[in-house]
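Per the numbering used here, the very first residue in the sequence shown carries number 25; after that it's consecutive.
From the three backbone atoms N, C-alpha and C, an ideal C-beta is built for every residue, glycine too.
Computed from a prediction, not measured in an experiment: that's the story for all the values here.
This report refers to the structure that appears directly beneath it.
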Amino acid sequence: MASATHGEILKADRLTMRFGGLVAVKELDLSVRERAIHSVIGPNGAGKTTVFNCIM
25 MASATHGEIL KADRLTMRFG GLVAVKELDL SVRERAIHSV IGPNGAGKTT
75 VFNCIM
């Protein structure tokens, strides 16, 4: 659990990404706190790269 003294450096609420009629990412909530270690894992085609491309 992250310390309460470290603030959020990235927050996404209900992030959705579509390609035409295909929903690649649906209503993702993401919170990243400074000085914490984070990981995004999932199978091929799960939308990990799509999420990073969307928030960059």
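query                                                                                                                        : result
Please classify Val-75 as buried or exposed, where buried requires at least 16 other C-beta atoms within 10 Å of its C-beta. : buried
Can you grab the Cα-Cα spacing for the pair Met-80 / Ser-55, in whole Å?                                                     : 15 Å
Name, in chain order, the residues that DSSP records as bridge partners for Arg-42.                                          : Val-47
Between which two residues does the alpha helix (DSSP H) containing Asn-77 stretch?                                          : 72 to 79
Give the straight-line distance between the Cα atoms of Ser-63 and Gly-71, rounded to the nearest whole angstrom.            : 14 Å
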